[in-house]
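*Asks:* At position 52 of the sequence shown the residue is numbered 52 (the UniProt record's numbering), and the sequence of numbers has no breaks.
Ideal placement from N, C-alpha and C gives every residue a C-beta, glycine not left out.
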Amino acid sequence: MPTPPWWLFVLPLIAGACLPLQAGINGQLAKQVSSVLAAALISFFVGMLGLLALTLANREFPSLAAMRGMPWWQWCGGFLGMFFIFIAAFAAPRVGALMFMVLVLAGQLGMALALDHFGWAGFKEAPVSTLKIAGMAAIAVGIWMIRKG
């Protein structure tokens, strides 16, 4: 397999850097509108408009047959995104950007470990190893250190 171009490594870094900013913006939005749910709805509505514009510009509409043939779990991505936005707007202002993001990272890595181990959601199977468990333990220690600091 050829090495991916450099920018494919930069884009996830930029996306990751946007997450704490997004959490902060949505937390402030929740204060402004006096509702975490309304803030999440506004956030998703603006995101939907952006995706609609991109979809229209690129003419990438799925067929109805393709959508009817989707398994139930493929519809859950939007729900999981909504859950993240809601939790970010609620929790991030209360625990702080660093603690929120380190907990998000730990959750992401824990789920990634399970996804790879079992090959769920289309991922290639990669069994859990002692080193991977040690890495997760190091993250747990890091969370404790950040909490104490």
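(1) Quick check on phenylalanine 86: buried or exposed, where buried means 16 or more other Cβ atoms within 10 Å of its Cβ?
(2) When the Cβ atoms of the region 75-90 are set against those of the region 15-33, are three or more pairs found closer than 8 Å?
(3) Would you tell me roughly how many angstroms separate the C-alpha atoms of alanine 53 and alanine 97, rounded to the nearest one?
(4) Could you tell me how far apart the beta carbons of glycine 142 and valine 102 are, in whole angstroms, since I believe they sit closer than 8 Å?
(5) The alpha helix (DSSP H) with phenylalanine 86 in it runs from where to where?
(6) Verify whether the separation of the beta carbon atoms of isoleucine 139 and alanine 106 is less than 8 Å.
*Replies:* In this structure, then:
(1) buried
(2) yes
(3) 30 Å
(4) 7 Å
(5) 76-95
(6) yes
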